[in-house]
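What follows is a set of notes on a single structure, which appears directly below.
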Amino acid sequence: MQYDYLAKARDLFLMQCYTGLAYSDLMAFDFTKCKQADGKYYYHAKRVKTDTDFTFQLLAGAVSVLKKYNFKLPCISNQKYNEYLKVIGMMVNVPNLHSHMGRATAATLFLSFGMPLNVVAKVLGHTNIRQTQRYARTLNKDVYSAFDNIDGKF
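Take my numbering: the final residue in the sequence shown is number 161, and no numbers are missing along the way.
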């Protein structure tokens, strides 16, 4: 990416997509809170907004982003971050790209790959499963897969 500030915004957004972190939790991310076991990293903290516990395993993509910044994510104001994401969104034809879309993307992907709703709620730090259900969009591929599972059973 031509501009360093856009590359940083892109990487922060990818980190949100890999982890489900909200902007405030992303800015508070502290790699020293990670525990390592069996070659994997596990993160446990409290949400900045609600003081609710959340936990997740760092996926390979997240570790890759962290390595790029020597395990210390760049800090950027929410206003600037969203400004830069809008520019990136225009470049990739995703209108109105904003920080919460990273968290929503993570939740949708976690659910579409079969992660149970209650586990996604724990990852996102939700206290009520209804908060998580808003991310449970039914994707066409999920509908088709459900039909594949019952095909021939009638």
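Ideal placement from N, C-alpha and C gives every residue a C-beta, glycine not left out.
*asked:* Just to confirm, is the Cβ distance from Gly-68 to Tyr-25 under 8 Å?
replied: Reading the sequence shown from its first residue, position 61 is the one you call residue 68. Reading the sequence shown from its first residue, position 18 is the one you call residue 25. Going by C-beta atoms, Gly-68 is nearer than 8 Å to Tyr-25.
*asked:* Under DSSP, the alpha helix (DSSP H) around Asp-32 begins and ends at which residues?
replied: Residue mapping note: residue 32 aligns to position 25 of the sequence shown, counting from 1. It spans 30-34 - the alpha helix (DSSP H) in which Asp-32 sits, taken as one unbroken run.
*By DSSP, does Ala-114 sit in helix, in strand, or in coil?*
Within the sequence shown, the letter at position 107 stands for residue 114. Helix at Ala-114.
*Should the stretch 51-60 be called in touch with the stretch 13-33, which here means at least 3 C-beta pairs below 8 Å?*
Short answer: they touch.
*Just to confirm, are Leu-65 and Cys-82 a CB contact at a threshold of 8 Å?*
Your numbering for residue 65 matches position 58 in the sequence shown. Your numbering for residue 82 matches position 75 in the sequence shown. In this structure, Cys-82 does not lie closer than 8 Å to Leu-65 by Cβ.
*Three-state secondary structure assigned by DSSP to Ala-153*: The residue given as residue 153 occupies position 146 in the sequence shown. Looking at Ala-153 - three-state DSSP - the assignment turns out to be helix.
*Secondary structure at Asp-37, three-state DSSP: helix, strand or coil?*
For the purposes of this step, residue 37 is taken as residue 30 along the sequence shown, with counting starting at 1. In this structure, Asp-37 counts as coil in the three-state DSSP scheme.
_Cβ-Cβ distance between Ala-4 and Tyr-91 below 8 Å_ = Since the displayed the chain opens at 8 and closes at 161, residue 4 lies outside it and no answer follows.
_Nearest-angstrom Cβ-Cβ length linking Ser-119 and Asp-155, presumed shorter than 8 Å_ = Here the question's residue 119 lines up with position 112 in the sequence shown. Here the question's residue 155 lines up with position 148 in the sequence shown. Actually they are not in contact, since the Cβ atoms of Ser-119 and Asp-155 sit about 15 Å apart, beyond 8 Å.
*Would you mind reading off the limits of the beta strand (DSSP E) that contains Asp-60?*
To locate residue 60, count along the sequence shown from 1; it is residue 53. Element bounds for Asp-60: 60-64.
*asked:* I'd like the list of long-range same chain contacts for Ala-143, defined as Cβ closer than 6 Å, with 5 residues on each side in sequence excluded.
replied: Within the sequence shown, the letter at position 136 stands for residue 143. So the qualifying residues of the chain are Leu-118.
*Do you know offhand how far Gly-132's Cα is from Val-99's?*
Along the sequence shown, one-based indexing puts residue 132 at 125. Along the sequence shown, one-based indexing puts residue 99 at 92. The straight-line gap from Cα to Cα measures roughly 30 Å.
*CA-to-CA distance, Lys-93 to Tyr-49, given in whole angstroms*: Start at 1 with the first residue of the sequence shown, and residue 49 comes out as number 42. Start at 1 with the first residue of the sequence shown, and residue 93 comes out as number 86. Distance between the alpha carbons of Tyr-49 and Lys-93: 31 Å.
*Tell me, please, which residues DSSP counts as bridged to Lys-74.*
Within the sequence shown, numbered from 1, the residue matching residue 74 stands at position 67. DSSP output for Lys-74 lists no bridge partner at all.
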